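In our numbering, the protein residues as written are 2 to 312.
Don't be surprised by glycine CBs; every beta carbon is placed ideally from N, CA and C.
None of the values given here were measured: they were computed from a predicted structure.
Accompanying notes for the structure given below.
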Ligand code: R5P
């Protein structure tokens, strides 16, 4: 088995390799003067089971292209099996046609990875479970929930918890976390905009008064969804609001929005390499999913059960 990394999240790839007690495969991913990407693998991979760690986070197009070129290089070097380890799957939010004459870019990306030569895909908290079906190759979708639940139990286990979904679409994810927290009660933020241009109204379904609220979502991008939800929960009398989000996309002014929000703490994972601003924020904490990924990779290589990781 070999672990190779692109440039998107080297610290995570190193941590995964350390978990597996393997060195990272000796390879270089360089740029030509015109920004074309060039990959060179400096060791033999013929007949190997190779895992390429490369979340397709910002800059999404560069990181995606780097992943595709790494896969192509491995295929041409006769690797036996190539698994694209994409902890954060960029373009996942474009998983359906929002209107006429629009693309389904998540499907296009899935086609690109398969066409490049990936034999398997390993991802974490895909924005929508059905993205697995965009691939005609085996695709494992890991959940960060066990890592989050352990942290919540350790930090907030003594408090009167309430798990909150920031929108109706996230209820399944929130319910799964609540189950892991001794069936904690559930609340839902129902966002409504009656007419375009009208400001959003947030209705909270559930009584959050006096509760330590745990907001859960897959992505924080601009931070708007989360910070507004946190404020609405505090307005309804919540004791505190903490957010657990798998993928800290944190674009633009998101970090300062979080720093100035009603959130007690934002906890993200290292599926995406955190920016300097995120690392320096005393409101943001990062949990590692390296052991989760490492264990899943070990099981894929051993051909043992991955789903039992979540029993
Ligand atoms: C949406 O369906 C996702 O689950 C997130 O809620 C969304 O991407 C967060 O975006 P933002 O932080 O920009 O509000």
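Taking the CA atoms as reference points, residue 50 sits about 10 Å from residue 303. The segment 203–291 contains, as complete beta strand (DSSP E) runs of 3+ residues, the segments 213–221, 241–249, 266–270 and 285–288 (chain order). By the C-beta criterion, the segment 281–301 is judged not to be in contact with the segment 29–42, since fewer than 3 inter-stretch pairs fall below 8 Å. Within the segment 26–94, the runs of alpha helix (DSSP H) that reach at least 4 residues and sit entirely inside it are, in chain order, 61–77. Counting only runs of 3+ residues, the beta strand (DSSP E) found wholly inside the segment 116–199 occupies 121–125, 140–143, 162–166 and 187–193, in chain order. Taking 7 Å as the cut-off, the beta carbon of residue 123 is found closer than this to the beta carbon of residue 84. By the criterion of a C-beta distance shorter than 6 Å, residue 224 is surrounded in its chain by 255, 258 and 259, once the five residues flanking it on both sides are discounted. The alpha-carbon separation between residue 146 and residue 156 amounts to approximately 15 Å. If you draw a straight line from the Cα of residue 154 to the Cα of residue 32, it is about 45 Å long. DSSP places residue 105 outside both helix and strand once states are collapsed to three, so it counts as coil. The ligand R5P has a heavy atom closer than 6 Å to the beta-carbon of residue 226.
Within the same chain, Cβ atoms closer than 7 Å to the Cβ of residue 192 are found at 168, 201 and 203, the five residues on either side in sequence being excluded.
With a cutoff of 6 Å, residue 305 does not count as near the ligand R5P, since its C-beta is closer than that to no heavy atom of the ligand.
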